[in-house]
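In terms of my numbering, the sequence shown is numbered consecutively and its last residue is 147. Note that CB positions come from ideal geometry on N, CA and C, so glycine has one too. The structure appears right after this line, and notes come after that.
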Amino acid sequence: MNRREARGIALELLFEYDFNRDKKPEQIIVDAIEWREIKVNQFAKYIFGLAAEHMQEIDTMISEKAANWRFDRMSRLAKAIMRLCIAEIVYTGTPDSVAINEAVELAKDYDDEKGVSFINGVLGGVVRALPNYQSRQVEVFEDDDGEAENEITEDIKEDTDE
């Protein structure tokens, strides 16, 4: 599975999580694997976990840059795409141009031209407003052979080791 496919899986997980906030993110992953037989690699788990873990902070960033849009009126899909992209930029060290391009490509698969433009515009505004955001980044997740280091992937490891 390449990174674009992993981002698509992470988007599905994040979209589902938005409908099931009563579930822990770890359970969303387990359900996707067991019930829908989705293959979820470490990168998908990692970026989904980051987006879920930092959702409140990310939502604030989106709200501040979505001119004339109330957050609760935005589509769940647009929010999921933007959350995923912002999590990847802020917390993994992925260059903003790469993450935004990937977000726009995901949006093209699921949304209309206006939705794609909206997502692109908000993400550009968020990135321009991030002061010294590199100082907040964690080590880049290099490949599927590495170990993802965040609470969600650690919990999944513990659950599968038992």
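Quick one, are the C-beta atoms of V89 and V101 less than 8 Å apart? Result yes, Cβ atoms of V89 and V101 sit closer than 8 Å.
Using DSSP with H/G/I as helix, E/B as strand and the rest coil, what is G110? In the structure shown, G110 adopts helical secondary structure according to DSSP, grouped into three states.
Taking the alpha-carbon positions, what's the R(-8) to A72 distance? Answer to the nearest angstrom: the Cα atoms are 12 Å apart.
Cα-Cα, which of D97, G78, L69 is closest to E87? Distance check between E87 and each of D97, G78, L69 places L69 closest, using alpha-carbon atoms only.
Reference I(-6); option with closest CA among K8, F28, K9: Looking from the CA of I(-6), the closest CA among K8, F28, K9 belongs to F28.
How big is the Cα-Cα spacing for D94 and R(-11)? Here the alpha carbon of D94 sits roughly 12 Å from the alpha carbon of R(-11).
Give me the residue from G110, F103, F56 with the minimum Cα distance to D81. Minimum Cα-Cα distance from D81 among the listed residues G110, F103, F56 corresponds to G110.
Please confirm whether M67 and I32 have their CB atoms less than 8 Å apart. With contacts defined by Cβ atoms closer than 8 Å, M67 and I32 do not form a contacting pair.
Run through DSSP, which three-state label would P116 get? In this structure, P116 counts as coil in the three-state DSSP scheme.
What's the gap between the Cα of R113 and the Cα of L62? Going by C-alpha positions, R113 is about 23 Å away from L62.
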